[in-house]
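>
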Amino acid sequence: MDINKLIKENRGTIIDVRTPMEFSGGNAEGSINVPLQELESRKEELELLKKPLILCCASGGRSGQATQFLKQQGIECYNGGSWLEVNYYQTQTA
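Structure representation (structure tokens):
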């Protein structure tokens, strides 16, 4: 799956798994903040969002953990890496 293409074509939902403080300092346009430690308790909310979920964080580490957890829960998702990269691909034309 070409994650960059998914982002460019605005398919799916972008989930930022950083802390609310980090998220408030800058985030990808239209992304939703669901901190890594809240994923399990907000699973039902995530299941209702447009798929696939594209997860991002500061560097890709936490979003990688989130991707692994959500895939185990049967949720279609991909690790988008850094929110800065996701933001960059959003500005590119499809």
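Residue 11 is where the sequence shown starts when you use this note's numbering, and the numbers rise one by one after that. We put the CB at the ideal spot given by N, CA and C, even for glycine. All values derive from a computational prediction rather than experimental measurement.
CA-CA distance, Gly71 and Thr101?
Between Gly71 and Thr101, the C-alpha separation is close to 23 Å.
> Check for me: the beta strand (DSSP E) holding Ile64 runs from which residue to which?
Start and end: Leu63 to Cys67.
> Considering only the beta carbon of each residue, do Ser41 and Ile17 sit closer than 8 Å?
Their beta carbons are not under 8 Å apart, which means Ser41 does not touch Ile17 by this criterion.
> Going by DSSP, what residue range makes up the beta strand (DSSP E) through Thr77?
Note, Thr77: premise wrong, no beta strand (DSSP E); alpha helix (DSSP H) at Gly71 to Gln82.
> Rounded to whole angstroms, what's the CA-CA distance from Thr77 to Cys87? Just pull it up for me.
When rounded, the distance between both Cα atoms is 6 Å.
> Going by C-alpha to C-alpha distance, which of Pro30, Glu39, Gly35 and Gly36 sits closest to Gln47?
Among Pro30, Glu39, Gly35 and Gly36, the Cα nearest to that of Gln47 is on Pro30.
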